[in-house]
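Basically our numbering = 1-based index in the sequence shown + 72.
From the three backbone atoms N, C-alpha and C, an ideal C-beta is built for every residue, glycine too.
None of the values given here were measured: they were computed from a predicted structure.
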Amino acid sequence: MSNLPELTSDERSRYEWQLSVSDFGEEGQCRLKNATVLVSRIGGVGGTAAMQLAAAGIGRLILAHAGNLR
């Protein structure tokens, strides 16, 4: 896991299920923690996608929306 951030004990507990997924494990979770994702148009499906990405442990989430939120 060179140059990837390490998981804290709280993160290991929070993402226990994801860590147990075959071929994902701790390296996959560390990659999520190190990732940056841009979600555009957060008013509809993008809002739900942003919540799921945050819950999955994305390290940096950038939200952009040019219209009005309802």
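So, using beta-carbon positions, are residue i and residue j closer together than 8 Å?
| i | j | result |
| --- | --- | --- |
| E98 | L110 | no |
| T13 | R86 | Here the chain covers residues 73 to 142 and nothing more, so residue 13 does not appear. |
| A121 | L104 | no |
Could you check what DSSP says for residue i in three-state terms: helix, strand or coil?
| i | result |
| --- | --- |
| S92 | coil |
| E83 | helix |
Excluding the 5 residues preceding and the 5 following residue i in the sequence, name in chain order all residues of the same chain whose CB lies nearer than 8 Å to its CB.
| i | result |
| --- | --- |
| M123 | none |
| H137 | S112, R113, I114, G115 and G118 |
When DSSP builds the beta bridges, which residues end up paired with residue i?
| i | result |
| --- | --- |
| A136 | S112 |
Considering only residues of the same chain and omitting the five flanking positions on each side of residue i, which have a CB-CB separation below 6 Å?
| i | result |
| --- | --- |
| L76 | C102 and N106 |
With a CB to CB cut of under 7 Å and the five nearest residues on each side skipped, what residues in its chain are close to residue i?
| i | result |
| --- | --- |
| R84 | L91 |
| F96 | Q90 |
Mind pulling the beta strand (DSSP E) runs of 3 or more residues that sit fully within the stretch 90-133? For secondary structure counted as the beta strand (DSSP E) over 3 or more consecutive residues, the stretch 90-133 holds these complete runs in sequence order: 108-112.
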